[in-house]
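Our numbering puts the sequence shown at residues 2 to 323. Beta carbons are placed, not taken as given, at the ideal position from N, Cα and C, and that holds for glycine. The next block holds one structure in the form of structure tokens; read it before the comments.
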Amino acid sequence: MKFQQISAFKAVFELGTVTAAADYLHVTQPAISRLIAALERDVGFHLFERIKGRLLPTKEGQAFYHEVERSFLGLDRLKKSARVISQQRLGSLTIAAMPLLSNLFLPDVLIRYARDESPGMISLRTFRSEEVAQQVAIQACDLGFVLDTEFGAGVTGLKVSCDCVCILPPGHVLADMPGELTPPMLAGTSFIRNEKDPAQNLLDQAMQEAGIHQQDFIEVSFASSLASLVAGGLGGAITDPFTAHIARNQNEQVTIHRFSPRLPFEFYLLFPALRPLASAVRQFLTLFFENAKDEGIHLHVAESASVRALFECNMPWEVTEP
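So this is what it looks like as structure tokens:
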């Protein structure tokens, strides 16, 4: 099975005629027919049947096309990855991050970084966590921020954790309550929940153990939506402190409270393992942890031997025990 055969099949399937496929691939019509015939011999079944002068895919041909299309999508991704790698600039800082951090918190850090460090080209790209991991694996960025996801060769990961907090809308009866809030204190509060947040299951369990019936008012899929709804006064939420930061930025009357029992929120910093760590990454991470501290976000770092080696024992964070 040769690439030319697959290309001829794909062209005929998508364009509908041998003539159109031949024009598209810049070959003769007999060449297309020979390539299709050879491919049918290789796969052991007919890919097309001729009806009233037209080539129509067989059921087997349709099934085979779906696999071919997936393969070509993989090739397209490789082309895009190669283009990203080739566009990397010396002295630049390229960050790939999940939407939770790239919407507000990381831009705030970048403002400090650009002001304090006089950097070169900066790029902040937003992807889903699994796509961030792919960008780091192909060495296409200097730093990645992801939720819990699998990452393999070419990636070094650093686990970071913090505690979830309770955010309350403007004018809530508990807005001025000092200290930490507990499930019994929140009885009767309408909650907005993020369906993709793993901490929600822990919250449900904590409420059940306290004998509190949680009143879920609205369920959303994105942290930014949850923050906007709390800022708009529709309810409270138990969420990560970065989402709380977004909500308070939208409405300064949103209040942020510690919550007991402790519900952990975890994410990962990813580094490309096949090239030296850029000094710009150390500088940026120093500001990242400083900014978190300024916002009252207490981050705990789970270090490993590989991460210590990566940073050559010069860590840009203060190690604390969770």
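Pick from I247, A115, R259 that is closest to I104, judged by C-alpha positions: Stepping through the sequence shown from its first residue, residue 104 is reached at position 103. With the sequence shown as reference, residue 104 is identified as Asn, and Ile is not the correct amino acid for it. The option with the nearest alpha carbon to N104 is I247.
Cβ distance (whole Å) where L144 is taken to contact M99 below 8 Å: Here residue 144 corresponds to residue number 143 of the sequence shown, with the count starting at 1. Here residue 99 corresponds to residue number 98 of the sequence shown, with the count starting at 1. With a Cβ gap of about 12 Å, L144 and M99 do not count as contacting.
Sufficient close CB pairs (3 or more, under 8 Å) joining the stretch 224 to 243 to the stretch 200 to 214: yes
Nearest residue (CA-CA) to P185, options Q215, C165, V110: Position 184 of the sequence shown, counting from 1, holds the residue named residue 185. P185 has its Cα closest to that of Q215, out of Q215, C165, V110.
Beta-carbon separation (whole angstroms), F266 vs C167, contact threshold 8 Å: Position 265 of the sequence shown, counted from the start, is the residue given in the question as residue 266. Position 166 of the sequence shown, counted from the start, is the residue given in the question as residue 167. That belief does not hold up - the Cβ atoms of F266 and C167 are roughly 13 Å apart, past 8 Å.
Nearest candidate by alpha-carbon position, reference V161, set Q6, K3, V308, F46: Taking the sequence shown and counting its residues from 1, one reaches residue 161 at position 160. The shortest CA-to-CA distance from V161 to any of Q6, K3, V308, F46 is the one to V308.
C-beta atoms of P171 and V255 nearer than 8 Å: Along the sequence shown, read from residue 1 onward, the residue named residue 171 stands at position 170. Along the sequence shown, read from residue 1 onward, the residue named residue 255 stands at position 254. Taking 8 Å as the Cβ cut-off, P171 and V255 qualify as a contacting pair.
A306 classed as buried or exposed, judged by whether at least 16 other C-beta atoms fall within 10 angstroms: As a working mapping, residue 306 is identified with position 305 in the sequence shown. Burial call: exposed.
Proximity winner among A281, I298, L300, N315, relative to T95 (alpha-carbon distances): Position 94 of the sequence shown, counted from the first residue, corresponds to residue 95. Cα-wise, what sits closest to T95 is A281.
Length of the line joining the Cα atoms of K294 and H258: Counting from 1 along the sequence shown, the entry for residue 294 is found at position 293. Counting from 1 along the sequence shown, the entry for residue 258 is found at position 257. Cα-Cα distance, rounded: 16 Å.
Euclidean distance between Cα positions of F65 and T150: As a first step, residue 65 must be located in the sequence shown, where it is residue number 64. As a first step, residue 150 must be located in the sequence shown, where it is residue number 149. For F65 and T150, the distance between alpha carbons rounds to 31 Å.
Where E322 falls, given that 16 or more other Cβ within 10 Å makes a residue buried: For this step, residue 322 is matched to residue 321 along the sequence shown. Reliability fails at E322, whose pLDDT of 48 lies under 50, so the model's placement of it is uncertain and the value that follows must be treated cautiously. E322 should be labelled exposed.
Option nearest A279 by Cα separation, candidates C142, Y25, L169: Here residue 279 refers to the residue found at position 278 of the sequence shown. Checked all of C142, Y25, L169; the closest Cα to A279 is C142.
V110 beta carbon less than 8 Å from that of L56: Indexing the sequence shown from 1 puts residue 56 at position 55. Indexing the sequence shown from 1 puts residue 110 at position 109. No, the Cβ-Cβ distance between L56 and V110 is not below 8 Å.
Rounded C-alpha distance that separates T287 from G155: Within the sequence shown, residue 287 is the residue found at index 286, counting from 1. Within the sequence shown, residue 155 is the residue found at index 154, counting from 1. About 23 Å.
Residue range of the beta strand (DSSP E) that includes E196: Along the sequence shown, one-based indexing puts residue 196 at 195. Counting along the chain, E196 falls outside any beta strand (DSSP E), and DSSP gives it neither H nor E.
Same chain only: Cβ atoms within 6 Å of L159, ignoring 5 sequence neighbours per side: Residue mapping note: residue 159 aligns to position 158 of the sequence shown, counting from 1. In chain order, L270, V308 place their CB closer than 6 Å to the CB of L159, counting only its own chain and leaving out the 5 sequence neighbours on each side.
Minimum length 3: unbroken beta strand (DSSP E) runs contained in the stretch 164 to 225: 166 to 169, 191 to 195, 216 to 221
Rounded straight-line distance, which links the Cα of T127 to that of F218: For the purposes of this step, residue 218 is taken as the residue at position 217 of the sequence shown. For the purposes of this step, residue 127 is taken as the residue at position 126 of the sequence shown. Approximately 29 Å between the Cα atoms of the pair.
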